[in-house]
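Taking it in order: structure first as structure tokens, then the write-up.
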Amino acid sequence: MFNASAIAIVLATFLVLYRAIKGPRMYDRALAVNVIGTKTVVILALIGFIYKRPHFLDIALVYALMNFIATFAILKYIERGRLD
Amino acid sequence: MNITTIITGIFLTMGCFFSVVAAIGVVRFPDFYSRMHPAGKNDTLGQTLILTGLIIYEGFSFISIKLLLIIIFIFIVNPTATHAIAKAAYLAGVKPWEKKGSK
Amino acid sequence: MSFILTFIILFSFWILLSGYFDFMHLFLGIISSLFVAFISHDLMIGDVNIRRGFKKLLRFIRYLPWLLYQIALANLDIVYRTLHPNMPIAPRIIKFKTDLKTDMGIVTLANSITLTPGTVTIDVKNGEFIVHAIAEKPAEDLLEGEMQARVKIVEGG
């Protein structure tokens, strides 16, 4: 059951990856990367349940935080051209 | 096969459905602003459903509280990130797509 | 007051994430939570009136069921539009003024617009909302202003 859902979400991630590679503008890519990141959180949680290792949930939590900050970093870089 | 497993399965199936539809929407819609709709709504709901299913499977423990924390965080953060990207695109002057032939 | 609240929140977070209850972990947790709360207690929670905030929370909870119903509708709407072979969409950008006063009311309205069918908030400037609607019907529904009335009840006097 967990395996099937994880596979479905990985397939969905590949679909979004198409948009991230092809996306005509920078903003499409930022949006696609954000979606991929949030799907990764779910995949991590599912892996924790598949292999019976609850420590993966901590990684998922940290990844959710990092994904949020990374989106804002990308946007700031697009807008200003630098990150300081 | 007990009742918890069945409910978990229903939640996981619905969550996967919404996630896959969100991915299809991001690929299929013609312009940036329309792509925000599946990315901001369906994706959030799909993840929430899957993690809720995991909580039901797990029962009450530290793990389910952590999962609840992830759900709350994603529910606040995902629309916020969508807003931020939309606002950046709007300020940069991205034009919305309009259907050809419509008045 | 804000110092104690911040400390309680940080320490419960520590217990949640560590999951151990022996002396060493609890002691380290207390020390680090005290230190962080001492540095940043005025950042996390400003001056809040607890009783007013509680009443507002109650009104917000009464607003939630309608919001959840709208979220379900919104998702089914997007699923229909995505999977339909012709994609029945006609995107447009609409602007309207709001008369909500507090920041919290405006934030609630903006997030509710994003979560309800077919509309996403792009920007709010000086009480003017810029909203992207995916078709004609959601735009008309939004301009009727049912949601604004509901958020106004949450905001209170």
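Chain order of the listed sequences is A, B and C. Per our numbering, the first sequence starts with residue 1200, numbered consecutively. Per our numbering, the second sequence starts with residue 2, numbered consecutively. Per our numbering, the third sequence starts with residue 5, numbered consecutively. Even glycine gets a Cβ: it sits at the ideal position worked out from N, Cα and C. As the structure is a computational prediction, the values presented were derived from the model and not from experiment.
Out of curiosity, what's the CA-to-CA distance linking residue i and residue j?
i                  : j                  : result
leucine 1256/A     : leucine 1210/A     : 22 Å
alanine 153/C      : proline 121/C      : 17 Å
isoleucine 65/C    : glutamate 150/C    : 18 Å
methionine 1200/A  : isoleucine 1208/A  : 13 Å
threonine 1237/A   : proline 80/B       : 12 Å
isoleucine 35/C    : leucine 46/B       : 38 Å
glycine 1280/A     : asparagine 1266/A  : 20 Å
glutamate 144/C    : isoleucine 97/C    : 12 Å
glycine 54/B       : isoleucine 73/B    : 15 Å
leucine 14/C       : alanine 41/C       : 8 Å
phenylalanine 39/C : leucine 1243/A     : 32 Å
leucine 20/C       : alanine 94/C       : 47 Å
glutamate 59/B     : lysine 67/B        : 11 Å
asparagine 1233/A  : isoleucine 1268/A  : 10 Å
glycine 1222/A     : arginine 85/C      : 21 Å
glycine 57/C       : isoleucine 1206/A  : 44 Å
alanine 85/B       : phenylalanine 27/C : 44 Å
Taking all protein chains shown into account, do 16 or more other C-beta atoms lie within 10 angstroms of the C-beta of residue i, making it buried, or fewer, making it exposed?
i                    : result
valine 1261/A        : exposed
threonine 106/C      : exposed
methionine 37/B      : buried
alanine 93/B         : exposed
lysine 42/B          : buried
phenylalanine 61/B   : exposed
asparagine 79/C      : buried
leucine 68/C         : exposed
aspartate 44/B       : buried
phenylalanine 1213/A : exposed
valine 78/B          : buried
Hey, does residue i have any beta-carbon neighbour from chain B nearer than 7 Å?
i                 : result
valine 1215/A     : yes
proline 89/C      : no
valine 83/C       : yes
arginine 1218/A   : yes
valine 128/C      : no
asparagine 1202/A : no
isoleucine 1268/A : no
valine 124/C      : yes
proline 92/C      : no
isoleucine 1208/A : yes
leucine 1282/A    : no
alanine 1229/A    : yes
leucine 162/C     : Because chain C in this structure spans residues 5 to 161, residue 162/C falls outside the shown range and cannot be described.
alanine 1211/A    : yes
Counting only Cβ pairs nearer than 8 Å, list the residues of chain A close to residue i.
i               : result
serine 35/B     : Result: empty, since nearest Cβ-Cβ is about 11 Å, beyond 8 Å.
isoleucine 71/B : Val1240, Ala1244, Leu1256, Ala1259, Leu1260 and Ala1263
Any heavy atom of the ligand NAD closer than 6 Å to the beta-carbon of residue i?
i           : result
valine 78/B : As far as ligands go, the structure on display features none, and thus does not contain the ligand NAD.
For residue i, decide whether its Cβ has a neighbour in chain C, counting only Cβ atoms nearer than 7 Å.
i                  : result
glycine 102/B      : No answer about glycine 102/B holds up, because its pLDDT of 46 lies below 50 and its placement is not dependable.
asparagine 79/B    : no
asparagine 43/B    : yes
isoleucine 66/B    : yes
alanine 24/B       : no
phenylalanine 63/B : yes
Closer than 9 Å by beta-carbon distance: list the chain B residues that pair up with residue i, in chain order.
i                    : result
lysine 1251/A        : None at all; the shortest Cβ gap to chain B is about 11 Å.
phenylalanine 1255/A : Those do not exist, as phenylalanine 1255/A stays about 10 Å from chain B at its closest Cβ, beyond 9 Å.
leucine 71/C         : Correct list: empty, because the minimum Cβ distance to chain B is about 12 Å.
arginine 1279/A      : In chain order: nothing, as chain B lies at least about 11 Å away.
What residues from chain A crowd round residue i, counting only those whose CB sits closer than 7 Å?
i                  : result
phenylalanine 74/B : Ala1263
Establish whether the CB of residue i and some CB of chain A are separated by less than 7 Å.
i            : result
leucine 50/B : no
leucine 46/B : no
leucine 13/B : yes
glycine 10/B : yes
Under 7 Å Cβ-Cβ, which residues of chain B neighbour residue i?
i                 : result
leucine 1274/A    : Ala85, Ile86 and Ala89
glycine 23/C      : Phe63
histidine 45/C    : Correct list: empty, because the minimum Cβ distance to chain B is about 22 Å.
isoleucine 1258/A : Within 7 Å Cβ-Cβ: nothing; isoleucine 1258/A doesn't reach chain B, min ~11 Å.
isoleucine 1246/A : The premise fails here: isoleucine 1246/A is roughly 11 Å from chain B at the closest Cβ pair, so nothing lies under 7 Å.
Quick one: which chain C residues come within Cβ less than 8 Å of residue i?
i                  : result
phenylalanine 19/B : Asn79 and Val83
Which bits of chain B does residue i rub up against, with CB to CB less than 8 Å?
i               : result
threonine 102/C : Ordered by position in chain B, no residue passes the 8 Å Cβ test against threonine 102/C, which lies about 16 Å from the chain.
leucine 119/C   : Lys42 and Pro80
What residues of chain A sit near residue i, judged by a beta carbon separation below 9 Å?
i            : result
glycine 94/B : Going along chain A, no residue has its Cβ under 9 Å from glycine 94/B, so there is no contact; the nearest lies around 11 Å.
Taking the runs of the beta strand (DSSP E) that are 3 residues or longer, which of them lie wholly in the region 92-130 of chain C?
-> Entirely contained in the region 92-130 of chain C, the beta strand (DSSP E) runs reaching 3 residues are, in chain order, 96-101 and 123-129.
List in chain order: all unbroken alpha helix (DSSP H) runs of 4+ residues lying wholly within the region 1221-1262 of chain A.
-> Taking 4 residues as the minimum length, the alpha helix (DSSP H) runs contained wholly in the region 1221-1262 of chain A are 1225-1249, in order along the chain.
Would you list, in sequence order, the uninterrupted alpha helix (DSSP H) runs of no fewer than 4 residues that lie entirely inside the region 27-63 of chain B?
-> Scanning the region 27-63 of chain B from its first residue to its last, the whole alpha helix (DSSP H) runs of 4-plus residues come out as 33-38 and 44-59.
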